[in-house]
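FYI, the numbering for the sequence shown is -21 to -1, 1 to 196, going by mature numbering (1 follows the signal peptide of the UniProt record, and there is no 0).
Heads up, the beta-carbon is just placed ideally off N, CA and C, and yes, glycines get one too.
Please read all numbers here as calculations on a predicted model, not as lab measurements.
What follows is a set of notes on a single structure, which appears directly below.
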Amino acid sequence: MHRTFLLTLSAALLLSAPASAAPAREAPHPAPRPAPLVAGPLAGFDLDAGYGAAYRVTSRPGVARFALCGRTAWDPREGTRALVGVRATEPEWYRGRTLVRYRTAKAASAAVARARAAVTACPQEREADGSGVDHTVRDDVALGEDSVAWIDRYPQEAAGGAYDPGLTVFHVVRVGRAVLASYEYSESNATPRSRERAVDEATAADRPVVAAMADVN
């Protein structure tokens, strides 16, 4: 189910791999920044900051609308006034971000609250064969003025209930009337230590974007 879930969420292709400890990853070498495909109030925003390489920022969401247990958690086109997105892919490593601007900070705060309510109400999703996804809120992670973070893990009934090596870290963060939604998928589910490292790395990668979000307002 995790492949279907992530395809719906981000249109990123997640490839299955045998369970193993996550190898050490090196960020791609920096490259010249591609020309952005964005006009409007968010044009020029450095949405790929923290990725360690330049990726094209466009007017399409890097994190599209998605639901948890049938309840909409994130919809970047509902009530927003501007939108930019970016996607970054490396072998067994997928990232996406969407930055939106709402009319008011109150509307932006409601978007974060909606995401938190959806993930809190949906700790597990299961298919008939027992596979699925576990959503775990990380209340120890905080960014911006208001945020929610969680991790997704993927149990595999065919493997005797063992978890797939894949792990996805999500953030939904507000600063003023701007909201960032991000995800990072990697094969980091081998141990508790590797999971914590993945959360720390994804959070650190988002920090420069969050720091710049005050300029959106």
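In its chain, beyond the 5 residues on either side, VAL79, ALA87, ALA90 have a beta carbon closer than 6 Å to the beta carbon of VAL158.
The beta carbon of GLU163 lies closer than 6 Å to those of ARG74, VAL148, ALA181 in the same chain, with the five residues before and after it left out. Around the CB of ARG66, 16 or more other CB atoms lie within 10 Å, so the residue is classed as buried. Contact annotation: the stretch 50 to 60 touches the stretch 97 to 109, with at least three C-beta pairs closer than 8 Å. Take VAL195, set aside five residues on each side of it, and the residues of its chain with a beta-carbon closer than 6 Å to its own are ARG80, ALA157, in chain order.
VAL152 and VAL189 have their alpha carbons spaced roughly 8 Å apart. Excluding its 5 nearest sequence neighbours in each direction, VAL154 has C-beta neighbours in its own chain below 7 Å: GLY123, GLU124, VAL189, MET192, ALA193, listed in chain order. In this structure, the beta-carbon distance from SER167 to SER161 does not fall below 8 Å.
In this structure, DSSP gives ALA84 a helical state, which the three-state scheme calls helix. For GLU175, the enclosing alpha helix (DSSP H) has its first and last residue at 171 to 191. The Cβ atoms of GLY64 and ARG76 lie closer than 8 Å to each other. Residue pairing by DSSP places THR99 in no beta bridge whatsoever. At a Cβ-Cβ threshold of 8 Å, HIS150 and ASP185 count as neighbours.
Here ALA84 is not near VAL127, since their CB atoms are 8 Å or more apart. When the Cα atoms are used, ALA177 and PRO20 turn out to be separated by approximately 32 Å.
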